[in-house]
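Asks: If you count by our numbering, then the sequence shown holds residues 3 to 1015, one letter each, in order. Got a structure here, written out as structure tokens. Questions coming.
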Amino acid sequence: MFLRGNKEGCCDKDYSSRNDGRSGAKAAALIPRPLTPAQREQFTRFPVLDERTLARYYLLDEGDLRLVWQRRRDFNKLGYAVQLTVLRHLGRGLRPGERPPDEVLISLAEQLRVDAACYDAYASRDTTRREHFAELCQHLGYVELSGPLNRELRDWLMPTVVVTDQPFPLVGTLLDELHRRRILTPRLSVLERLVNAARVRADQHCHGLLNLPLKGGLAERVDALLTPQGDEPFSRLAWLGRPVGSPKPKHLLALLDKLAFVRTFPVQSNLRAFLPQSRLEHLAEEARRVSASHLAAYEAGRRRATLMARLFDLSETLTDDVLDLHDRVMMSLLREGERHAAEAFGQRRPSVVEQLDTYQSVCAALIAAREQQADPYQAVEAVVSWDQLVATVREGRETVVAEDLDPLHHVVRAYPKVRAYAPRLLSAFTFRAGGTAAALVEAVRLLREMYASNKRTLPEHLPLGFVRQRWNAHVFRGGEVDRKAYELCVLDELRLALRSGDVWVEGSRKYRDLDAYLLPQNVWKRRLQDLALDLPETFEAFWGATEPKLTGQLREVEDLLSRGALSSVSLLSGRLRVGKVVKAVPDEVEPLQRTLATRLPRVKITDLLLEVNAWCRFTGAFLDLRDGKGVERHDHLLTALLADGLNLGLTKMAEASPDPSVTARRLMYLSDWFVRPDSYAAGLAQLVNFQSRLPLAALWGDGTTSSSDGQRFPTGGHGKAAGHLNAKYGREPGVLFYTHVSDQYAPFHTKVITTNVRDALHVLDGLLYHLSELKIREHYTDTAGYTEQVFALCFLLGFRFAPRIRDLGETRLYTPEVASTYGLLEPLVAQRLNLRLIREHWDELRRLTASIKAGTVTASLILSKLAAYPRQNGLALALRELGRVQRTLFTLEWLRDPELRRRVLVGLNKGEALHALKRAVAFHRSGEVRDRTFEAQSHRASGLNLVVAAISAWNAVYLGRAVEALRAEGQDVPDGLLAHVSPLGWEHIGLTGDYHWRHESVPAPGTYRELRG
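See below:
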């Protein structure tokens, strides 16, 4: 009845290829995206068991025991119990040769009071096992996967496949549904074919929807995007995707031209409401990477659907690009104004100083004359002649022109630059606002109407509530409103309001209404359990647990401070003094590190990457965007990745390669189709997971703590236009590569951020969106990585945040009671906590947390919005207040616990060591990032991080072997010292020269290179 001839304990039949609704040729074009080796292993291996899982699935109840006791011999009882519990847990039987974990055997043997070793006798009886398994399937109601069930599951999976076509989550979802329906789990290849059949149907559905609005001549116009227009050497589609350059009005107008062209297609229809964003993004990504000639060869329905998805994407992207470039134009004008003001002051400073000295002398003489009741005129002439005083005053009128010293005066003089694009900018978008920003949007509407009617004078009644103090002197002149200054003020305030979210734009991805980023009100509470968020349901529950801890620690620190019992902490004149952390690394570590380094084999970077890839096959994560196939020549893919990592670029890398088949065109092909942010993230996860399993990594940490920091790289060449300025780094533009590194030295996440934003906005992205198996619980940053809102969100999302705050002695505490309650701590208390704010917005805080965890908005984007919000926004204020609670708790623990200070220092030092290695690896082009687009810069950062992770993993393996060699020679190498040895050295690695892939140099499986010395 069950499993006839099936030795695997699962269904073998394959019904997935039948009736897929496509011809063989079309179906062949969509081969299922294969699972990576690591993903296959995750689905096929026996899952890791903890006490909760053992209690849930492997605890026999009375009914189970009655069934088991019907068996006569001990090994049959134990084997029957194993099959029963495994079937209930995994929905399948044990595969040939598969042995249940020892924890299962021991637990069941104890319950049955038999010897666990007797299971071997049962495992050898194949016929008995199969008969028992068939009996258990019938008893528990499990059935095989039949043809009708296969088609039913395919249709059931369709809505999920429309959302994501990634095989890993789809197979996981399918396994859960099989278990729920009590259908025996078939072989993994059967599941992959079933998923592929659902993908084919989902593609048909999506392509059909995207073709719906293409009526009349629209279909032909969409096709025409693939052909050059007029004398242009490239297609219209390629023109739409080309970057425009630096922040200049002409470039902003070029973006508006592109946006206007895109809007001639039905991109503003409600069609996207019927398709998940992820599906549109995937199709748009395909259109962006495929050449026009390849797209033209697509079947008509698929081609037009792909192009429409790209147009939807361009509509939002160009909208954001226009608004971003307007922000940058205004910022450049403001910086230029500051420069002109500084030059004006520098040119007139000597005469200004001389005049001020004269005025000071005259004023002092007048004061003295009044006090002595003397003649003021004589007193003045005693210090300066009357003619000289008159000349000084007259000269001052010419010398001191206050306007020249005001940066905004120079901005107003640059009005024609902004006026060149302002009418088109305001007419291109529909701006919305609420609350205090309503006056600003009304001013935008008024200017739009003025521009449309070519009026040159402002109306009598103007909205003015948004005008800030710094603009007052320019907007209000002589009792009237200056038109040019008013227009510039509106445009300047508009960019600030867009940043904060006070004003939002229809059709934007980045500047949407804040509420649109969050889970709907009727959804978020239902998602909490699925998201595994351990959040108190009410404020009272939260405060009931937090208040005793907070007040207890405040009183404890006050008591310890009064007795001088805090390690390296004292209070002098109302200021905390926190001593430096005692050296965390023993003196013996440095000579041990040198000794181990001399033992490591010398290796070229190409040989290193080949060897590491042989260990963990991280190149298997780089799959073809079109069909999900892996790359044929892994050495060619490694060449493309190394070009990113060494900052060499594809063309130069091709020139440096002795392999004639490695051409620039070949590397560009691989970069276009196989190298993407998701493939970089998956490949990096393979490396991080591999290193975390090494014995030496366990001495460095348990993989639960991490640190993050930004590393600045200057921009040059074409990349200079894309760089941003930050006074902290000088006047040259640059970008930051913001990287998270685990306590095991593994860099598990990186991203590119602009230098003019604070690191703190991006701290949570690395903790939430990495793909490795690390379970980070505690995270460290320096001062730039901390804000009160980051403290709050880390708490809500289950992370312990521990930044090293500069000038901690000047930090202030926030308490639930008045400051005088806490004695010596009173000078440190800033104010009482506003608990009412947290109470009133507790549900919104939970909704925000659920939205971030569900992925409807990234942590960095929502933090940038909330950080820029004005003081009136309740959610931003509540988040800040919650952050003050958490920051106070952290500060108190920092003062009490020197071990926490040491831990943070050690974690941050690992990040510094990683920066040094990255600087050494990315040495080409003088370390400058010369890529024009954000995507290319992201590839550069990801490639560098991947190469560095491979170096760390290779070093970790050979450091472990060097340790074994030293110990075999009788040397004492304590684990306590190895905990401080870093795998981030590079002196033994050849990073320069030709980049030749010598496969014969890779040691055979299970063997390694010979150590030196």
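Ideal Cβ placement from N, Cα and C applies to all residues, glycine included.
If contacts are defined as beta-carbon pairs under 8 Å, then valine 571 and valine 580 qualify, I think. What distance do you get, rounded to the angstrom?
Replies: For this step, residue 571 is matched to residue 569 along the sequence shown. For this step, residue 580 is matched to residue 578 along the sequence shown. Valine 571 to valine 580, Cβ: 5 Å. Contact.
Asks: Can you grab the Cα-Cα spacing for the pair aspartate 899 / alanine 547, in whole Å?
Replies: Counting from one through the sequence shown, the residue named residue 899 turns up at place 897. Counting from one through the sequence shown, the residue named residue 547 turns up at place 545. If I take the Cα positions, the gap works out to 21 Å.
Asks: In its own chain, which residues sit with a C-beta less than 7 Å from the C-beta of glutamine 791, not counting the 5 before and 5 after it?
Replies: Within the sequence shown, numbered from 1, the residue matching residue 791 stands at position 789. Only Leu865, Leu868, Ala869, Leu881, Arg882, Gly885 meet the Cβ criterion.
Asks: Taking the alpha carbon of threonine 783 as the reference point, which residue from Lys631, Tyr740, Gln41 has its own alpha carbon closest?
Replies: The residue given as residue 783 occupies position 781 in the sequence shown. Closest by alpha carbon: Tyr740.
Asks: Please report the Cβ distance between leucine 847 and leucine 798, rounded to the nearest whole angstrom; I am assuming they are in contact, meaning their Cβ atoms lie under 8 Å.
Replies: Numbered from 1 along the sequence shown, position 845 holds the residue referred to as residue 847. Numbered from 1 along the sequence shown, position 796 holds the residue referred to as residue 798. Indeed, because the Cβ distance is near 6 Å, the residues count as touching under 8 Å.
Asks: Here's the rule I'm using: 16 or more other beta-carbon atoms within 10 Å means buried, otherwise exposed. How should tryptophan 526 be labelled?
Replies: To locate residue 526, count along the sequence shown from 1; it is residue 524. That one is buried.
Asks: Where does glycine 992 fall in DSSP's three states?
Replies: The residue you call residue 992 lines up with position 990 of the sequence shown. Here glycine 992 sits in strand by DSSP.
Asks: Throw me the rounded Cβ distance for the proline 215 and leucine 273 pair, which I believe falls under 8 Å.
Replies: Residue numbering aside, residue 215 sits at position 213 when the sequence shown is read from its first letter. Residue numbering aside, residue 273 sits at position 271 when the sequence shown is read from its first letter. Indeed, because the Cβ distance is near 6 Å, the residues count as touching under 8 Å.
Asks: Please list the terminal residues of the continuous beta strand (DSSP E) segment that includes serine 940.
Replies: As a first step, residue 940 is located in the sequence shown; it is residue number 938 there, counting from the start. Segment 936 to 970 is the alpha helix (DSSP H) holding serine 940; no beta strand (DSSP E) there.
Asks: Report, in whole angstroms, the separation of the C-beta atoms of arginine 1000 and aspartate 609, which I expect to be a contact under 8 Å.
Replies: The residue given as residue 1000 occupies position 998 in the sequence shown. The residue given as residue 609 occupies position 607 in the sequence shown. Going by Cβ atoms, the distance from arginine 1000 to aspartate 609 rounds to 6 Å, so yes, they are a contact pair.
Asks: Pull up the CB-CB distance for tyrosine 747 and serine 984, whole angstroms please, since I reckon it's below 8 Å.
Replies: As a first step, residue 747 is located in the sequence shown; it is residue number 745 there, counting from the start. As a first step, residue 984 is located in the sequence shown; it is residue number 982 there, counting from the start. That belief holds up - the Cβ atoms of tyrosine 747 and serine 984 are roughly 6 Å apart, short of 8 Å.
Asks: May I ask you to list the residues that DSSP assigns as paired with alanine 435?
Replies: What you label residue 435 is simply residue 433 of the sequence shown in a count that begins at 1. DSSP, once it has assigned bridges, lists Val505 as partnering alanine 435.
Asks: Is glutamate 560 buried or exposed, if buried means 16 or more other CB atoms sit within 10 Å of its CB?
Replies: Here the question's residue 560 lines up with position 558 in the sequence shown. It is buried - the Cβ of glutamate 560 has at least 16 other Cβ atoms within 10 Å.
Asks: Taking C-alpha atoms, which residue in Pro818, His941, Asp66 lies nearest to lysine 551?
Replies: Your numbering for residue 551 matches position 549 in the sequence shown. Answer by Cα proximity: Pro818.
Asks: Report all residues from its chain with a CB closer than 7 Å to the CB of tyrosine 59; omit the five preceding and five following residues, and keep chain order.
Replies: Counted from its first residue, the sequence shown places residue 59 at position 57. The residues are Thr87, Arg90, His91.
Asks: Round the Cβ separation of leucine 689 and alanine 952 to the nearest angstrom and send it over; I've been treating them as touching at under 8 Å.
Replies: If you number the sequence shown from 1, residue 689 lands on position 687. If you number the sequence shown from 1, residue 952 lands on position 950. Contact flag correct, Cβ pair sits at about 6 Å.
Asks: Beta-carbon separation of valine 505 and alanine 616 under 8 Å?
Replies: On the sequence shown, position 503 is the one that residue 505 refers to. On the sequence shown, position 614 is the one that residue 616 refers to. No, the Cβ-Cβ distance between valine 505 and alanine 616 is not below 8 Å.
Asks: For the stretch 667 to 684 against the stretch 641 to 657, are there 3 or more C-beta pairs whose distance is under 8 Å?
Replies: Yes, the stretch 667 to 684 is in contact with the stretch 641 to 657.
Asks: Can you find the residues in the same chain that come closer than 6 Å, C-beta to C-beta, to alanine 821, ignoring five residues on each side of it along the sequence?
Replies: Against the sequence shown, residue 821 aligns to sequence position 819. These residues qualify, in order along the chain: Glu828, Val831.
Asks: Go ahead and pull the three-state DSSP assignment for leucine 696.
Replies: Taking the sequence shown and counting its residues from 1, one reaches residue 696 at position 694. In this structure, leucine 696 counts as coil in the three-state DSSP scheme.
Asks: When the Cα atoms are used, what is the spatial distance from glycine 1008 to leucine 891?
Replies: Walking along the sequence shown from the start, residue 1008 turns up at place 1006. Walking along the sequence shown from the start, residue 891 turns up at place 889. Distance between the alpha carbons of glycine 1008 and leucine 891: 50 Å.
Asks: What does DSSP give as the partner residue(s) for glutamate 482 in the beta ladder?
Replies: The residue you call residue 482 lines up with position 480 of the sequence shown. Paired residue(s): Arg479.
Asks: Please state whether DSSP places phenylalanine 925 in a helix, a strand or coil.
Replies: Within the sequence shown, the letter at position 923 stands for residue 925. Residue state, collapsed to three classes: coil.
Asks: If you reduce the DSSP assignment to three classes, tell me which class aspartate 646 lands in.
Replies: Position 644 of the sequence shown, counted from the first residue, corresponds to residue 646. Note: aspartate 646 maps to helix in three-state DSSP.
Asks: Would you give the residue range spanned by the beta strand (DSSP E) that leucine 573 belongs to?
Replies: Counted from its first residue, the sequence shown places residue 573 at position 571. That run of the beta strand (DSSP E) goes 571 to 574.
Asks: Where does arginine 838 fall in DSSP's three states?
Replies: In the sequence shown, residue 838 corresponds to position 836, counting from 1. In this structure, arginine 838 counts as helix in the three-state DSSP scheme.
Asks: Could you please give the first and the last residue of the uninterrupted beta strand (DSSP E) stretch that includes glutamine 713?
Replies: Start at 1 with the first residue of the sequence shown, and residue 713 comes out as number 711. Glutamine 713 -> beta strand (DSSP E) spans 707 to 716.
Asks: When you compare the CB positions of aspartate 259 and alanine 343, do they come within less than 8 Å of one another, or not?
Replies: Residue numbering aside, residue 259 sits at position 257 when the sequence shown is read from its first letter. Residue numbering aside, residue 343 sits at position 341 when the sequence shown is read from its first letter. No, the Cβ-Cβ distance between aspartate 259 and alanine 343 is not below 8 Å.
Asks: I'd like to confirm the pairing. Which residues does DSSP put opposite proline 230 in its beta bridges?
Replies: Walking along the sequence shown from the start, residue 230 turns up at place 228. Note: proline 230 sits in a beta bridge opposite Ser237.
Asks: Exposed or buried, cysteine 491, counting other C-beta atoms within 10 Å across all chains shown (16 or more means buried)?
Replies: In the sequence shown, counting from the first residue as 1, residue 491 sits at position 489. Counting Cβ neighbours within 10 Å, cysteine 491 comes out buried, since at least 16 surround it.
Asks: Touch check for the stretch 761 to 776 and the stretch 687 to 702: three-plus C-beta pairs under 8 Å?
Replies: The answer is yes - the stretch 687 to 702 touches the stretch 761 to 776, with three or more Cβ pairs under 8 Å.
Asks: Just checking my contact of proline 39 with glycine 622 at CB under 8 Å: how many whole Å lie between their CB atoms?
Replies: The count along the sequence shown starts at 1 and reaches residue 39 at position 37. The count along the sequence shown starts at 1 and reaches residue 622 at position 620. Yes, proline 39 and glycine 622 are in contact; Cβ-Cβ is about 6 Å, under 8 Å.
Asks: Using the Cα positions of valine 1004 and valine 614, report the straight-line distance between them to the nearest angstrom.
Replies: Residue 1004 sits at position 1002 when you count from the first residue of the sequence shown. Residue 614 sits at position 612 when you count from the first residue of the sequence shown. Near 9 Å, if we compare the C-alpha coordinates of valine 614 and valine 1004.
Asks: Rounding to the nearest angstrom, what Cα-Cα distance links glutamine 375 and glycine 481 in this structure?
Replies: Reading the sequence shown from its first residue, position 373 is the one you call residue 375. Reading the sequence shown from its first residue, position 479 is the one you call residue 481. Approximately 42 Å, taken between the alpha carbons.
Asks: Go ahead and label threonine 459 buried or exposed: buried means 16 or more other beta carbons lie within 10 angstroms of its beta carbon, across all protein chains shown.
Replies: The residue labelled residue 459 in the question sits at position 457 within the sequence shown. With fewer than 16 Cβ atoms within 10 Å of its Cβ, threonine 459 is classed as exposed.
Asks: For leucine 910, which of His941, His742, Pro465 has the nearest alpha-carbon?
Replies: If you number the sequence shown from 1, residue 910 lands on position 908. It is His742 whose Cα lies nearest to the Cα of leucine 910.
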